[in-house]
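**Q** Just so you know, we're using the numbering used here here: the first sequence kicks off at 6 and counts up by one.
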Amino acid sequence: MDHKRRNGGPYKGGASQAKRGKTTGEWEDSPSQFEEELSMFDEAEMEAEEMEGQAGHDVIPVGDLFSADLNPRWRRPIAPSLDPLSDTLVFQQIDLDYYLVAGMPGQLQEKVPIIRMFGVTDSGNSVCCHIHGFAPYFYVPAPSGFTSDDLGEFKRELNSVVLKDMRSNKDNISVTVLAVDITRKESMYGYHGKRSLDFLRITMAMPRLIAPAKRVLEQGFKFGHFPINGYQSYEANIDFEIRFMVDSDVVGCCWIELPKNKYRVSLCQYEVDVGWTDFISHPAEGDWQRIAPLRVLSFDIECAGRKGIFPEADKDPVIQIASMVQRQGETEPFIRTVFTLQSCASIVGSQILCFTQEKQLLQSWAEFLRTVDPDIITGYNIQNFDFPYLLNRATVLKANLFSHLGRVRNMKSVLRDQNFQSKQMGRRENKITNIEGRVQFDLLQVLLRDYKLRSYTLNAVSFHFLQEQKEDVQHSIITDLQNGNEQTRRRLAVYCLKDAYLPLRLLQKLMCVINYMEMARVTGVPLTYLLSRGQQIKVVSQLLRQAMKQDLVMPVVKPEGGEDYTGATVIEPEKGYYSVPIATLDFSSLYPSIMMAHNLCYTTLLQKEDFIKTPTGDTFVKSSVRKGLLPEILENLLSARKRAKTELKKETDPFKRQVLDGRQLALKISANSVYGFTGAQVGKLPCLEISQSVTGFGRQMIEQTKQLVESKYTISNGYQADAKVIYGDTDSVMVKLGVATVREAMDIGTKAAEWISSHFTPPIKLEFEKVYYPYLLINKKRYAGLYFSASADMHEKMDCKGIETVRRDNCPLVANLINTCLQRILIDRDPQGAVAHAKEVISDLLCNRIDISQLVITKELTRTAQEYAGKQAHVELAERTRSLCWRTPFPSTHNTTWSSSCPSPC
DNA sequence: TAGTGAACCTAA
DNA sequence: TCAGTTAGGTTCACTA
C-alpha cells in the first residue's frame, strides 16, 4: 500500500501547494521565516541526495502501520562487521554506568558490578561496552601490629558484621567483603614527613556495601586478638564510576580502544565485553581530542490542555511531538519530523506522521527514538516537563511499549524526584528520568547553571542569544488549533517544530556540547555529572588522580559547619566622577597562583611544628620538601590552558578552534574552583587553613600593591603626579596615575604591573588589564566606565559593575533609564543630557504616558532622579516621584516575562 | 524615624 | 544523600 504522498518539486512548488491548501485566517497569509528555513533544508537535501521520497515533506497517515523503516535516515549507518581476533574497536565514550549481575565466572552465586560504557565510533556506530572485573574498595589504616596473618580474620569478621548490619538481605548475599590487602599509603591530609603507613585496602562485592562497611569500622570494630578500634576510613565516599575512571585513567568523553583479541562481541551491533585491564584509554590530546559524530535529538511536545489550566498528564492528551536530529559538528538537522494526533497538512522540509490514537502516537515516537538511537537528547525543560509528562501519560494510556527509552534492553525509564540544595543554587526540586546510554542535555538546565538571565523562557532566551523568537501561538489556543482542521494543526506543528529546533540552535550557538565535553575531559568526570552534580566532584576527581600517583589517599570527613573565615579586601573607594584615565591592574588567577606560589595543599599543611607561616598563622612545608597536590593540579590546569591558548592562536579550522576555546575556558574555571573546594565547610574535604591562608595572602598582596604603586609613582620620583589607588577589590587596584591620556595610562600601567610583579613569588603575576576613561565610582562593587584595553583610541564598551543596569531585580525601565543616563554622562560627557533624559522618563511616568502595569518602581528610580536630575529638578522630581513609589507583585526570576522591550519615552 | 536583619543579587 | 567561597550594596518589613 502506498501510504506515502510526496509533494514533489522544488521549494517554490511545494510552498505554493502548501499555501493553496490553506483556508482563510489572518496568520496564514504567508509562510513564516521559520517555514522558509525548513524548506531550504529540503531543497539542499534534494540536490545533495537526489533520492526519492526521503528528504521530502511527506504526510504519512500512519494509523497502526508505524514502522521504524518509514524513513531510512532514522537508522544509524550499518555497522561493519567486527572480528575481535583481528580488529580493534575504537570509540568515544560519552556516558558510563554500572549494573549488577550474578553468575559471572568465579562469582556464580553473588552479584558483581559491571561497568557499562556507551559510545560512538568515528563512523557513527553506537557502542555498548561491558567492562568486567572491577570492584569497589576503600581504605582504613592497619592497626598497629597488624600483619598479613591477620588478613583472613579481619576479612571474616568484617564480612560477618556487615552481613549482620544489613536490615534486609533480599539478594541473599553471603559474601560482602571480597578481599582485604595490606598496602603502603599515606593520608593526603597534613604533612607528616612522607611517612607511608600500612593501610588495609578493603574490596567489597558491590558499591552499596561500602557505606555499611565504613560505618561498622568507624563505630568500633573488633576482630581476632586486636582491641576494639574506631577506624578512620579513606576514599569510602567515592562514586563507583569515578573510582573506576580514576583507576583506569578514563576521563569523561575520552576515546577508548579495545585491542584485538581482548574483547568479545556478545550481542548486537557493537555490544562488546572486555576486562577492565584490557582496554586502552587515550588521553584527550592531539587527534584524540576529536568528537565522534554524535546524534543529538531535540524534541518538544504539545498537550491539549483545558482553558486556563496547566496541562495535567492524567487528563490532557499529548497531541504532537516534534523531533529534530542533528549530527554533532554539522550545521543542520537531518531528521525533522512531527508526530501528530489527527491529520495535518504538509510542511515543506519536514515529515509528518499522523496518528488516530494517542497511545499509538506515543509508542511510535518511542520506537522512532530507539531507531534514531540518539546519544544526546535535548529540548527545553524536557527534564521537568516533557519526559515526566510523556511517561505519566504513557502510564495513563497503558502504553507499555513506550517507556523503554534507553539503550539497555528491558530497562524501563521511570520517574523519580530529586531534591538538591546548595548555597550557590538554592533549593531545587527536579525530576529525574533514567535513560541509560543517552545523555539528557536539557537546555534550560544548562542555561540555569551557566547564564544569569532576566528571563529563562525559551522565547526570551532565543531572543537573547539568537535574536529569534518562537512561532507566535498562544498557549490558550493550542486546544482550539488541535480541534480545528488539518490547517490549524499544521500551524501547531510548525510551532512545535520550532520549539524543537530552537534548543538545537542554542546548543550550537553556545557550543554547549563542545564546552561540556572539554570540561568532562579536563576534570575527568562523566558528561552527565556536569549537569546533575555540583562543583566539588570535579575537584575530587582531579585530586584522586593526582594523589594516586604518589600513593596518597583521601580521608572521609564528616560534614561539619563552623565559623566562616575572612575573605578578600575591598579597598574603600574614593567615590566620585573621574574625567581622567584610571588604570586597572589585576592579579591574574589570583587564588590559584597564591596556592602555587606558596605550595598550599592538604599534603603540605603542618598541623604542629614550624615552617612557612601564612598571614593567618597556618604552616605549610615548602615545595622543596614536598610539592602539594593542589599546586600540581593547578599547574597542570594553567599550563594546559596556556597550551590550549597557543594552539588556538595557530589553529585555523573553526571546529577545532571551538574545541580549544572550550578547553581553555574549562581549564580556567576548574583552576578557580579549587580554592572554593577547600573552603566548602560542608564538603568532601574542607581545609580552612588553606582557604583562609589564600585569602590572607590575597589581602596582604592587595595592600602591598597599593603601597608599591603609590610610593613609586610620585612627583618626587619624577612622575607627573602622585599616583592614587582610588579603589580595589580582591585582586585588582584602580589607579589614578595623574596622566591625561589613555595611552600614557596604558604605558605606565604596563610598567607598573611588571615592576610590582617582581615583588611576588612566581607564578603570581600582576597584569595591566584596562583603562577606564572616564570613570564613575559610585560605591564598593558599584561603578561604571568606558573600557579601553586593545586600543588607546577607541573604547570597547561601557563597563558597568553592580549597577542597576546589570541587576535582575530591577525592572527594565529602571535599567534602561540608568543605562541611558550613564551613556550621556560617560560617552557624551553631557550630565545635563542625563538630567534631561531622567526628567523626561520620570515625567512620562508621572503623566501615565508609560504603561506601568508591568513595572516595578523602586526607590532606585527616585534616587536616580535625585542623582542625575541636578539641583533644582532634584527636589521637585524627588518629591513628585516619592509618592509614586509602589510595588506590583514581583515575579521570581523563573518564568518571568518582562515585556520584551521597555516602553520608550513617548 | 532610625536601626536591624532578611532576602536578593552581584563582584571577585 | 547532596550542596564551591566571602564581601557588600540595596530594598523592605519590622521594631522600639
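Note that beta-carbon positions come from the ideal geometry of N, C-alpha and C, so glycine has one too.
Keep in mind that this is a model prediction, so the values were computed, not measured.
1) In the DSSP assignment, the beta strand (DSSP E) including Y777 goes from what residue to what residue?
2) From Y582 to L302, what does the alpha carbon distance come to, in whole angstroms?
3) Name the one or two DSSP bridge partners that D447 has.
4) Would you tell me roughly how many angstroms separate the C-alpha atoms of V166 and Y236, rounded to the nearest one?
5) For Y385 and L396, I'd like the C-alpha separation in whole angstroms.
6) Would you list, in sequence order, the uninterrupted alpha helix (DSSP H) runs of no fewer than 4 residues that lie entirely inside the segment 249 to 330?
7) With a threshold of 7 Å on Cβ separation, who are the neighbours of T825 within its own chain once the five nearest residues in sequence on each side are excluded?
8) According to DSSP, what are the bridge partners of N234?
9) Measure the alpha-carbon distance for S153 versus Y394 and round it to whole angstroms.
10) Assuming I83 and Y103 are in contact, meaning their beta carbons sit under 8 Å apart, how far apart are those beta carbons, in whole angstroms?
11) Round the Cβ separation of L512 and L410 to the nearest angstrom and send it over; I've been treating them as touching at under 8 Å.
12) Using CA coordinates, which residue listed in Q347, Q492, V106 is at the minimum distance from G138?
13) Helix, strand or coil for F592, going by three-state DSSP, please let me know.
14) Among A795, R834, F231, I769, which residue has its Cα nearest to the Cα of P779?
15) Rounded to the nearest angstrom, what separates Q669 and S286 at their Cα positions?
16) Rounded to whole angstroms, what is the Cα-Cα separation between D305 and P89?
17) Taking the straight line between their C-alpha atoms, what separation do you get for A60 and G681?
18) In three-state terms, what does DSSP make of G566?
19) Quick check: what's the CA-CA separation for L156 versus N164?
20) Rounded C-beta distance between M209 and M559? I'm assuming under 8 Å.
21) For E774, I'd like the list of residues in its chain whose CB is within less than 6 Å of its CB, leaving aside the five on either flank, ordered along the chain.
22) How many angstroms separate the CA atom of K417 from the CA atom of A649?
23) Can you tell me the Cα-Cα spacing of N130 and D380, whole angstroms?
24) Could you tell me the boundaries of the alpha helix (DSSP H) in which T528 lies?
25) According to the Cβ coordinates, are L75 and I352 closer than 9 Å?
26) Measuring only the C-alpha atoms, how far is S904 from I783?
27) By DSSP, does A3 sit in helix, in strand, or in coil?
28) Taking the alpha carbon of G195 as the reference point, which residue from L690, R748, I847, R813 has its own alpha carbon closest?
29) Inspect the beta-carbon positions of I440 and D422 and report whether they are closer than 9 Å.
30) Rounded to whole angstroms, what's the CA-CA distance from V747 to F793? Just pull it up for me.
31) If you compare alpha carbons, which of L781, T619, A795, Y718 is closest to A758?
32) Less than 9 Å between the beta carbons of A327 and V585, yes or no?
33) Taking the alpha-carbon of F765 as reference, which of V545, D485, L595 has the nearest alpha-carbon?
34) Roughly how many angstroms lie between the CA atoms of D734 and R248, to the nearest whole one?
35) Exposed or buried, M799, counting other C-beta atoms within 10 Å across all chains shown (16 or more means buried)?
36) Please state the DSSP three-state secondary structure of H469.
**A** Working from what's here:
1) Residue 777 sits at position 772 when you count from the first residue of the first sequence. It spans 771 to 784 - the beta strand (DSSP E) in which Y777 sits, taken as one unbroken run.
2) To locate residue 582, count along the first sequence from 1; it is residue 577. To locate residue 302, count along the first sequence from 1; it is residue 297. Rounded to the nearest angstrom, the two C-alpha atoms are 53 Å apart.
3) Locating residue 447 in the first sequence gives position 442, counting from the first residue. Bridge partners of D447: G384.
4) Within the first sequence, numbered from 1, the residue matching residue 166 stands at position 161. Within the first sequence, numbered from 1, the residue matching residue 236 stands at position 231. Approximately 14 Å, taken between the alpha carbons.
5) Stepping through the first sequence from its first residue, residue 385 is reached at position 380. Stepping through the first sequence from its first residue, residue 396 is reached at position 391. One C-alpha to the other measures close to 17 Å.
6) none
7) In the first sequence, counting from the first residue as 1, residue 825 sits at position 820. The residues are H842.
8) Counting from 1 along the first sequence, the entry for residue 234 is found at position 229. DSSP output for N234 lists F226 as bridge partner(s).
9) Your numbering for residue 153 matches position 148 in the first sequence. Your numbering for residue 394 matches position 389 in the first sequence. Their Cα atoms are separated by approximately 57 Å.
10) Translated into the one-based positions of the first sequence, residue 83 becomes position 78. Translated into the one-based positions of the first sequence, residue 103 becomes position 98. Between Y103 and I83 the Cβ distance is about 30 Å, and since that is not below 8 Å, they are no contact.
11) Residue 512 sits at position 507 when you count from the first residue of the first sequence. Residue 410 sits at position 405 when you count from the first residue of the first sequence. No, L512 and L410 are not in contact; Cβ-Cβ is about 20 Å, not under 8 Å.
12) Here residue 138 is taken as the residue at index 133 of the first sequence, counted from 1. For G138, the nearest C-alpha among the options comes from V106.
13) Counted from its first residue, the first sequence places residue 592 at position 587. Three-state result, F592: strand.
14) Numbered from its first residue, the first sequence carries residue 779 at position 774. With distances taken between Cα atoms, P779 lies closest to R834.
15) Here the question's residue 669 lines up with position 664 in the first sequence. Here the question's residue 286 lines up with position 281 in the first sequence. In a straight line, the C-alpha of Q669 is about 22 Å away from that of S286.
16) Walking along the first sequence from the start, residue 305 turns up at place 300. Walking along the first sequence from the start, residue 89 turns up at place 84. Each residue's alpha carbon lies about 41 Å from the other.
17) For the purposes of this step, residue 60 is identified with residue 55 of the first sequence, where counting begins at 1. For the purposes of this step, residue 681 is identified with residue 676 of the first sequence, where counting begins at 1. Residue placement at A60 is poorly supported in this model, since its pLDDT is 48, which falls under 50; the coordinates still yield a value, given next. G681 has its alpha-carbon roughly 51 Å from the corresponding atom of A60.
18) The sequence position of residue 566 within the first sequence is 561, counting from 1. Reduced to three states, the DSSP call for G566 is coil.
19) Working through the first sequence from its first residue, we reach residue 156 at position 151. Working through the first sequence from its first residue, we reach residue 164 at position 159. If you take the alpha carbons of L156 and N164, they lie about 12 Å apart.
20) Working through the first sequence from its first residue, we reach residue 209 at position 204. Working through the first sequence from its first residue, we reach residue 559 at position 554. Between M559 and M209 the Cβ distance is about 17 Å, and since that is not below 8 Å, they are no contact.
21) For the purposes of this step, residue 774 is taken as the residue at position 769 of the first sequence. Only T589, D591 meet the Cβ criterion.
22) One-based indexing of the first sequence puts residue 417 at position 412. One-based indexing of the first sequence puts residue 649 at position 644. For K417 and A649, the distance between alpha carbons rounds to 42 Å.
23) On the first sequence, residue 130 is found 125 positions in, with the first residue counted as 1. On the first sequence, residue 380 is found 375 positions in, with the first residue counted as 1. Going from the Cα of N130 to the Cα of D380 covers about 11 Å.
24) Numbered from its first residue, the first sequence carries residue 528 at position 523. Where T528 is concerned, the enclosing alpha helix (DSSP H) stretches over 517 to 528.
25) The residue given as residue 75 occupies position 70 in the first sequence. The residue given as residue 352 occupies position 347 in the first sequence. Contact flag unset, no.
26) As a first step, residue 904 is located in the first sequence; it is residue number 899 there, counting from the start. As a first step, residue 783 is located in the first sequence; it is residue number 778 there, counting from the start. Residue confidence for S904 is low, a pLDDT of 31 falling below 50, so the modelled location carries little weight; the figure read from the coordinates is stated next. When rounded, the distance between both Cα atoms is 29 Å.
27) Because the chain is modelled from 6 through 911, residue 3 falls outside the range shown and cannot be assessed.
28) By 1-based counting over the first sequence, the position of residue 195 is 190. Checking every option, the nearest Cα to that of G195 belongs to L690.
29) For this step, residue 440 is matched to residue 435 along the first sequence. For this step, residue 422 is matched to residue 417 along the first sequence. No, they are not a contact pair.
30) One-based indexing of the first sequence puts residue 747 at position 742. One-based indexing of the first sequence puts residue 793 at position 788. Near 8 Å, if we compare the C-alpha coordinates of F793 and V747.
31) The count along the first sequence starts at 1 and reaches residue 758 at position 753. For the residues L781, T619, A795, Y718, the minimum Cα distance to A758 belongs to Y718.
32) As a first step, residue 327 is located in the first sequence; it is residue number 322 there, counting from the start. As a first step, residue 585 is located in the first sequence; it is residue number 580 there, counting from the start. Cβ atoms of A327 and V585: not closer than 9 Å.
33) Residue numbering aside, residue 765 sits at position 760 when the first sequence is read from its first letter. Nearest to F765 by alpha-carbon distance, out of V545, D485, L595, is L595.
34) Translated into positions along the first sequence, residue 734 becomes position 729. Translated into positions along the first sequence, residue 248 becomes position 243. Approximately 40 Å, taken between the alpha carbons.
35) Position 794 of the first sequence, counted from the start, is the residue given in the question as residue 799. With fewer than 16 Cβ atoms within 10 Å of its Cβ, M799 is classed as exposed.
36) Position 464 of the first sequence, counting from 1, holds the residue named residue 469. Looking at H469 - three-state DSSP - the assignment turns out to be helix.
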